[in-house]
Amino acid sequence: VSTQSTGGLTAPKMGDGCRRKAVVPTLFYMIHCSKDMYDSVITANKGTLGNCVIIGNSLQGYLTHNTDASLINEVPGLFAAASESTEVPLPSFNSYPNVFNDTYLIHFNKDSTT
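Residue numbering for the sequence shown follows the numbering used here, starting at 76 and increasing by one per position.
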């Protein structure tokens, strides 16, 4: 599939370990992914998070629901980026409330140093 026929959108190859570098504005669709996957995306884009937009679960929610101090060591990128993100809740999908819930549009300051 050419990028021209997909409106300029491309999909990453499988097996990149969630370490795709966003050299241009990039949307990461990460509904219900593990905190490790979020951490990998954030860590891979350290210094360029301003190019990243995530549709997924609340980063700040991971911090709120995981009060274990080891979280800082387990997912340092997620921990640091949560405070530099802006999260906009998306409406619930009433047909499948158990599947599509707690979904946010997450973006980062263009000057983010995380």
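Think of the CB as a built atom: it goes at the ideal place given N, C-alpha and C, for glycine as much as any other residue. Remember, predicted model here, so these are calculated numbers, not experimental data.
Buried/exposed call for residue i, threshold 16 Cβ in 10 Å
i, result
"L165", "exposed"
"S170", "exposed"
"L134", "buried"
"T178", "buried"
"L153", "buried"
"P172", "exposed"
"N120", "buried"
"I129", "buried"
"N132", "buried"
"S115", "buried"
"A104", "A quick correction: the sequence has Tyr, not Ala, at residue 104. Burial call: exposed."
Residues that residue i bridges to, as DSSP identifies them
i, result
"Y104", "I130"
"Y171", "Looking at the DSSP assignment, Y171 forms no beta bridge with any residue, so it has no partner."
"F183", "S160"
"T178", "N132"
Member of the options whose CA lies at the smallest distance from the CA of residue i
i, options, result
"A157", "S145, P172, T139 and F168", "T139"
"V163", "G136, P151, N141 and I147", "G136"
"I106", "V174, A155 and D114", "V174"
"H147", "G90, R95 and D111", "Per the sequence presented here, residue 147 reads as Ile, with His not at that position. The option with the nearest alpha carbon to I147 is D111."
"S160", "F183, T101 and E149", "F183"
"P100", "I117, R94, L124 and A86", "L124"
"G122", "S145, V98, A86 and V150", "V98"
"E149", "R94, R95, G90 and S109", "S109"
Segment limits, alpha helix (DSSP H) that includes residue i
i, result
"V99", "Where V99 is concerned, there is no enclosing alpha helix (DSSP H), given that its DSSP letter is neither H nor E."
"L146", "L146 to E149"
"D111", "K110 to A119"
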